[in-house]
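Below is one structure, written out as structure tokens; the observations come after it.
In this note's numbering, the protein residues as written are 612 to 741.
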């Protein structure tokens with residue numbers, strides 16, 4: 612991932628993402644260009660919501676938000692418009708290794724509500740802390 616800062620330093624004019632050897636995504640405040648080595652496509656900010664998925668890569672464009680997943684890493688790139696300035700801002704998130712998340716102490720999050728016992732007591736019993 613690399614980027615070019617705006618002159619004001621508030622965000623980025625361009626952001627480039629590279630994945631494996633042939634996946635390239637170039638994002639600017641005007642458009643989005645993606646190539647996977649065989650196919651290439653161009654998206655424009657504000658167009659109809661679009662989804663592209665192939666070979667561990669997912670590109671989803673919604674209004675002023677581009678959601679990109681490259682293997683186990685998710686990057687959300689936001690198009691900001693503030694006081695006449697237009698800039699990009701990335702947020703990088705690591706995907707969980709497993710589809711189901713676990714709660715405290717590695718136990719599954721389960722909440723059982725019984726008439727005679729409060730929710731807090733059930734949580735403590737489930738965590739063996741009561």
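From the three backbone atoms N, C-alpha and C, an ideal C-beta is built for every residue, glycine too.
Among the options, the one whose alpha carbon lies nearest that of residue i
i           : options               : result
residue 629 : 657, 699 and 682      : 682
residue 626 : 704, 689 and 662      : 689
residue 649 : 686, 621, 693 and 632 : 632
residue 666 : 678, 647 and 652      : 647
residue 703 : 693, 684 and 655      : 684
residue 634 : 612, 700 and 701      : 612
residue 660 : 617, 671 and 694      : 671
Integer Cβ distance of residue i from residue j, believed to fall under 8 angstroms
i           : j           : result
residue 657 : residue 674 : 7 angstroms
residue 680 : residue 668 : 7 angstroms
residue 676 : residue 686 : Actually they are not in contact, since the Cβ atoms of residue 676 and residue 686 sit about 11 angstroms apart, beyond 8 angstroms.
Beta-carbon contacts of residue i that lie in its chain and below 8 angstroms, excluding the five residues immediately before and after
i           : result
residue 697 : 640, 690 and 691
Own chain partners of residue i with C-beta closer than 7 angstroms, once the 5 adjacent residues on each side are dropped
i           : result
residue 615 : 623, 624 and 625
residue 621 : 696 and 698
DSSP bridge partner residues for residue i (one or two, in chain order)
i           : result
residue 664 : 669
residue 803 : Within the shown structure, residues of the chain are numbered from 612 to 741, placing residue 803 beyond reach of any answer.
Own chain partners of residue i with C-beta closer than 6 angstroms, once the 5 adjacent residues on each side are dropped
i           : result
residue 655 : 642
residue 637 : 627 and 644
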